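In my numbering, the protein residues as written are 200 to 573.
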C-alpha cells in the first residue's frame, strides 16, 4: 500500500512543480521585488494613479505566488508524513495520507483551471446583466430565477455581489437587472455564461397550466481599471437623478438619489439606484459607463462582436446557449459543449461549475486570440 502511495505522491509533486512553471513563479517573485523597490521611493505616492496600479499588480502577483507556495508546502507535508510511515512501516497512516492527497489534487485542479483564465481581463470584476425576452410575465419570472441562480453561484465562489440597477416585472419577476460582481477572476468565469438561456416548463401564470417557452439573455463585461485610458468628456454626458423604484424599505422614493448617466455621442446609458447616497450611485454608474464604452471600443477595433461580450444575439428561439427543460422531463443542457445534467434543482441553486469549466476548456484558442488582440 505505501509503495502505491509513494508513486501517487511523486506524481502529484511533479504536477505541483509543473504548475509552478506555468505560473512563472520565479519571474513573478522578481517582478514583486522590483515593484516593491519602486514603492519604497519617497515620491512614489505623489502619483496616486500609478501607486494604485502598482499596489494592485503586487497583490495579483502575490496571490499567484502564495497559491503556489501553499500547494508546495502541502505536497512537502504529505511527503514528510509518508516518510514517517515508511520508516516505521506504519500502514495505519495510509488513510490519512490518501485523504491529504485527495485534498491536494482538488487544489491542483483549481490552480490548473485558473491557468485557463488567461484573457486580458479575466482577473477583473464583472458587470452581469440579465434581460427578460419575449414572453411577458413568464420570461420576467425566468429572468428572476436566473438572477437567483447567479447570486447563489457567486456566494459559493466567495464573490461579493451588489444589485446596482433593477427594473421590476409588471406582475412578477424582473425585466432587467445589473449586478456588480467583485472578486478575482469574476469576469473570467462569468464570460462563459454570455448568451440566451431558454426555459421550458408548465407555466404557474397560465390558468390552464400549459407548457411555455421563455427566454432571457445574459451579458457580462469586465469592470475596467482606472488606469486604462478611456476618454470621457463631461460635456458629452447627461446626468439625471430620479427616485429609486421597487422594493427597498422606508428609504425608497424619498430622495432623488438614483443616477442615470447618458453618453450622448453613443447613446449608451448606465444607471445605479443601489445606494442612498447620490454621490456613490454616480460613482458606480460611471464605472458601468466606462466598462460599456471600453467594450464598444474593443468591438470597433476588432470588428468582431465576440471579443469582450460575445456574439450579439436576438432573444429568440434558436439563438440560445443553454436549454433548461422542467417539463415534460427535467434536463439542463449546454448547447455549445453538450454537457447536460438531470439534477435541475442543483443547477438552479448555483452549481454552475460543470458548465463553466466545460465551456472554458473547449475554448482555449478564443482565449489566446482575445489576449493577443486586446
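Glycine included, each C-beta is placed from N, C-alpha and C at the ideal position. Note that the structure is a prediction, hence the values are computed from the model and not measured.
Residue i vs residue j beta-carbon contact at 8 Å
i	j	result
residue 393	residue 483	no
residue 475	residue 455	no
residue 429	residue 493	yes
residue 358	residue 382	yes
residue 419	residue 384	no
residue 465	residue 436	no
residue 348	residue 559	no
residue 301	residue 200	no
residue 467	residue 495	yes
residue 238	residue 215	no
residue 376	residue 360	no
residue 218	residue 311	yes
Close beta carbons around residue i, own chain, < 7 Å, minus the five adjacent residues each side
i	result
residue 526	399, 400, 401 and 410
residue 528	none
residue 338	331, 332, 413, 414 and 415
N- and C-terminal bounds of the beta strand (DSSP E) containing residue i
i	result
residue 367	359-367
residue 459	457-462
residue 400	394-401
residue 557	From DSSP, residue 557 is part of no beta strand (DSSP E) but of the alpha helix (DSSP H) over 552-560.
residue 418	410-421
residue 373	373-381
residue 476	Premise fails: residue 476 is in no beta strand (DSSP E) and is neither H nor E.
residue 524	519-524
residue 438	436-441
residue 531	530-533
Segment limits, alpha helix (DSSP H) that includes residue i
i	result
residue 273	247-287
residue 205	201-222
residue 333	No alpha helix (DSSP H) contains residue 333, which DSSP labels as neither H nor E.
residue 388	385-389
residue 547	543-547
residue 296	293-313
Cut-off 6 Å between Cβ atoms - residues of its own chain near residue i, not counting five sequence neighbours on either side
i	result
residue 537	none
residue 449	Since pLDDT at residue 449 reaches only 38, below the 50 mark, its modelled position is unreliable, and the value read off the structure follows with that caveat. Contacts found: none.
residue 571	At residue 571, the pLDDT of 38 sits below 50, so the modelled position is not reliable; the number obtained from the coordinates is stated separately. Within the same chain, residue 571 has no close Cβ partners at all.
residue 522	397 and 532
residue 275	none
residue 388	555
residue 340	371 and 372
residue 273	303
Distance between beta carbons of residue j and residue i, contact taken as under 8 Å
i	j	result
residue 431	residue 458	Not really, about 15 Å apart at Cβ, beyond 8 Å.
residue 345	residue 378	About 11 Å separates the two Cβ atoms, so there is no contact after all.
residue 280	residue 290	About 13 Å separates the two Cβ atoms, so there is no contact after all.
residue 325	residue 422	7 Å
residue 519	residue 396	6 Å
residue 306	residue 277	So it is not a contact: roughly 12 Å between Cβ atoms.
residue 211	residue 304	6 Å
residue 322	residue 259	6 Å
Minimum Cβ-Cβ distance from residue i to chain B less than 8 Å
i	result
residue 476	Checking the listed chains, one finds no chain B in this structure; it contains a single protein chain.
Sequence-distant residues of its chain with Cβ nearer than 8 Å to residue i (five each side left out)
i	result
residue 263	222, 224 and 227
residue 561	535 and 536
residue 440	455, 456, 457, 458, 459 and 477
residue 374	330, 331, 339, 342, 366, 367 and 368
Would you call the region 538-547 in contact with the region 357-374, where contact means no fewer than 3 C-beta pairs closer than 8 Å? no
Three or more C-beta pairs closer than 8 Å, one from the region 270-288 and one from the region 230-241: is that the case here? no
contact_flag[the region 381-393, the region 550-561] where n(CB pairs < 8 Å) is 3 or more: yes
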